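Heads up, the thing below is written out as structure tokens.
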Amino acid sequence: MTAMVLLSGWGIDARIWQPLAPCWPAGMEIRTPDWPGYGERRGETHPASLPELASLMRDALPADAVWVGWSLGGLLAGALLAHLPPPRALVLIGTAARFCHAGGVSAAELDTFRRAFEREPQATWQHFLRWQLQGEPTPRTAHRRLLDLIGSRPSASTLTLETGLHQLAEIDLTPWLAAPPCPIRRVAGTQDGLLSEAARRSADMVLADTGHCPMLSCPAALTAYLAQLRAEVAADDKHEAAT
Numbered sequence: 034m035t036a037m038v039l040l041s042g043w044g045i046d047a048r049i050w051q052p053l054a055p056c057w058p059a060g061m062e063i064r065t066p067d068w069p070g071y072g073e074r075r076g077e078t079h080p081a082s083l084p085e086l087a088s089l090m091r092d093a094l095p096a097d098a099v100w101v102g103w104s105l106g107g108l109l110a111g112a113l114l115a116h117l118p119p120p121r122a123l124v125l126i127g128t129a130a131r132f133c134h135a136g137g138v139s140a141a142e143l144d145t146f147r148r149a150f151e152r153e154p155q156a157t158w159q160h161f162l163r164w165q166l167q168g169e170p171t172p173r174t175a176h177r178r179l180l181d182l183i184g185s186r187p188s189a190s191t192l193t194l195e196t197g198l199h200q201l202a203e204i205d206l207t208p209w210l211a212a213p214p215c216p217i218r219r220v221a222g223t224q225d226g227l228l229s230e231a232a233r234r235s236a237d238m239v240l241a242d243t244g245h246c247p248m249l250s251c252p253a254a255l256t257a258y259l260a261q262l263r264a265e266v267a268a269d270d271k272h273e274a275a276t
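Structure representation (structure tokens):
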């Protein structure tokens, strides 16, 4: 059975996916591994080197699965296509080819954020949580729900978070989107303020009335799309086996 591997974004561990749990169809195999340095793997060092990261994530990212990466998780999953066998499909949620792009988050904004993080990591992390929730239908409710899931302090070390900010600034998925080694699908919320309007409109699935965190505001719609994609992958597998 083709598993779905869900990968979290900057500053947030795998608990972000818990709201999807009641919505999955029966029989779905769902895995939510933490990145090195996060959550259950907090004691590990999150490497800046993508080959090192690929080595640490090899067992968690099998080729016979669908990888689903959200935000930085999508950038990292896409970048790891250069270092791991490609999956059956890759889904990018709230992820453009680059984190900094015209009409979305500017390089200057990210630089300002990184300087603020150097001065006050905890306060800046908390600011980021509120920032990415601005496009949700009820941002305050979404913020409370997020804190209920992950707590009021990051599960990753300051060094791990700094590494993630560097990766946000540097990773460019343009080559992989232009010539994908596997099917790549993009999901975007209509109100995602971290994406440009062009990036939102060009997504394969546009989720209405949600922002950067659809797992909090529209888990049923998100799981329905992912389950449909997984069914298409399974159907392709059967067709290939028959021929």
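Under the working numbering, the first residue of the sequence shown is numbered 34, with each subsequent residue one higher. We put the CB at the ideal spot given by N, CA and C, even for glycine. Just so it is clear, the structure is predicted and the values come from calculations on it, not from any experiment.
Please state if the CB of residue 61 and the CB of residue 101 are separated by a distance shorter than 7 Å.
Cβ distance not < 7 Å, so residue 101 and residue 61 don't count as in contact.
Terminal residues of the alpha helix (DSSP H) in which residue 113 lies
No residue range can be given for residue 113, since it is assigned to no alpha helix (DSSP H) and is classified by DSSP as neither H nor E.
Sequence-distant residues of its chain with Cβ nearer than 6 Å to residue 39 (five each side left out)
Excluding sequence neighbours, residue 39 sits near 50, 65, 101.
Would you kindly work out how many angstroms separate the C-alpha atoms of residue 135 and residue 141, rounded to a whole number?
Taking the straight line from one Cα to the other gives about 11 Å.
Rounded separation between residue 272 and residue 95 - CA only:
Bear in mind that a pLDDT of 47 at residue 272, under 50, signals an unreliable position, so the number given afterwards is only what the model happens to contain. Their backbone Cα atoms lie some 21 Å apart in a straight line.
Could you tell me the alpha carbon to alpha carbon distance between residue 162 and residue 143, rounded to whole angstroms?
In a straight line, the C-alpha of residue 162 is about 15 Å away from that of residue 143.
Just checking, does the stretch 238-249 make contact with the stretch 170-181 on the three C-beta pairs under 8 Å criterion?
In short, these stretches touch, since the Cβ pair count reaches three.
Can the beta-carbon of residue 128 be found closer than 7 Å to that of residue 109?
If you check the CB distance, residue 128 and residue 109 do not come in under 7 Å.
May I ask you to list the residues that DSSP assigns as paired with residue 39?
Looking at the DSSP assignment, residue 39 forms a beta bridge with 101.
Just to confirm, is the Cβ distance from residue 103 to residue 197 under 7 Å?
At least 7 Å separates the beta-carbon of residue 103 from that of residue 197.
Reference residue 251, options 74, 223, 230, closest by Cα:
Comparing Cα positions, the closest option is 223.
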